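Everything in the sequence shown is counted per this note's numbering, starting at 4 for the first residue and increasing by one. In this text, a Cβ means the ideal position worked out from N, Cα and C, and glycines have one as well. Bear in mind the structure is a predicted one, so any value in this text is a computation, not a measurement.
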Amino acid sequence: MAIAVGYAVALLGTVIAYLLSEGKPKKTKYKVWGIALMLPISPALAFSIGLTYAVIVKNGWAALMMWYIFPLIFIIGLIMLLVGIFSKEEAK
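Quick look at the structure:
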């Protein structure tokens, strides 16, 4: 059940980020998706993927894989946020 909750939280974060970034400039989309990846999506997805893998291989220690997945997704979100903050808007 906990695995499904983690996937649900990640999916909900994705849907909310999509709705918040729809029709916005590219700079704002990077900011929204960066924050969404760092806060709701990264921990929930890392938790769910780690536990799913642990259940598949039938080894509880395999769940520690989430310690590697979380920073990876978090850093991707941080990079997206920084691109959104420091990129310049294109002149029209």
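Item	Value
Looking at SER51: is its Cβ nearer than 8 Å to the Cβ of ALA13?	yes
If I'm right that ILE44 touches ILE76 with Cβ under 8 Å, what's the distance once you round it to whole angstroms?	7 Å
Between which residues of its own chain and TRP36 is the CB-CB distance below 6 Å, once the five residues before and five after are set aside?	ALA20, MET83
Nearest to VAL18 by CA position, among ALA39, VAL8, LYS91, LYS34, is which residue?	ALA39
How would you write the range of the alpha helix (DSSP H) that SER51 sits in, first residue to last?	45 to 60
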